[in-house]
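A short write-up of the structure that comes next.
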Amino acid sequence: MSDKTEHAMGEMRYDKSILELMGNTPLVRLNRVASDVPPLVLAKMEMFNPGGS
Numbered sequence: 089m090s091d092k093t094e095h096a097m098g099e100m101r102y103d104k105s106i107l108e109l110m111g112n113t114p115l116v117r118l119n120r121v122a123s124d125v126p127p128l129v130l131a132k133m134e135m136f137n138p139g140g141s
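In this text, residue positions in the sequence shown follow the working numbering: the first is 89, and each later residue adds one.
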């Protein structure tokens, strides 16, 4: 379960344990690379995966 807190730069999200990050590797939509193709194209951001899978 993630929590939020106020920070000088705005709201900051943080997780209570590294275990909460496992299996939640973020996906980013590739807007410029795949703008002319009908399917939604996503990139899996493995650099944010603490398990290194």
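For every residue, glycine included, the Cβ atom is placed at its ideal position computed from N, Cα and C.
Small disclaimer: the values here were computed from a predicted structure and weren't measured.
**Prompt:** Leu128 by DSSP, collapsed to three states: which one?
**Reply:** coil
**Asked** Can you tell me the Cα-Cα spacing of Glu99 and Val121, whole angstroms?
**Response** 30 Å
**Prompt:** Can you name, in chain order, every residue of its own chain whose Cβ lies under 7 Å from the Cβ of Glu134, other than the five neighbours on each side?
**Reply:** These residues qualify, in order along the chain: Thr113.
**Request:** Would you kindly report the start and end of the unbroken beta strand (DSSP E) that includes Val121?
**Result:** No beta strand (DSSP E) holds Val121; DSSP gives it neither H nor E.
**Asked** Once you ignore the five residues that flank Ala131 on each side, which residues in its own chain have a CB closer than 6 Å to its CB?
**Response** Sequence-distant Cβ neighbours of Ala131 in its own chain, meaning closer than 6 Å and more than five residues away, are Val116 and Leu118.
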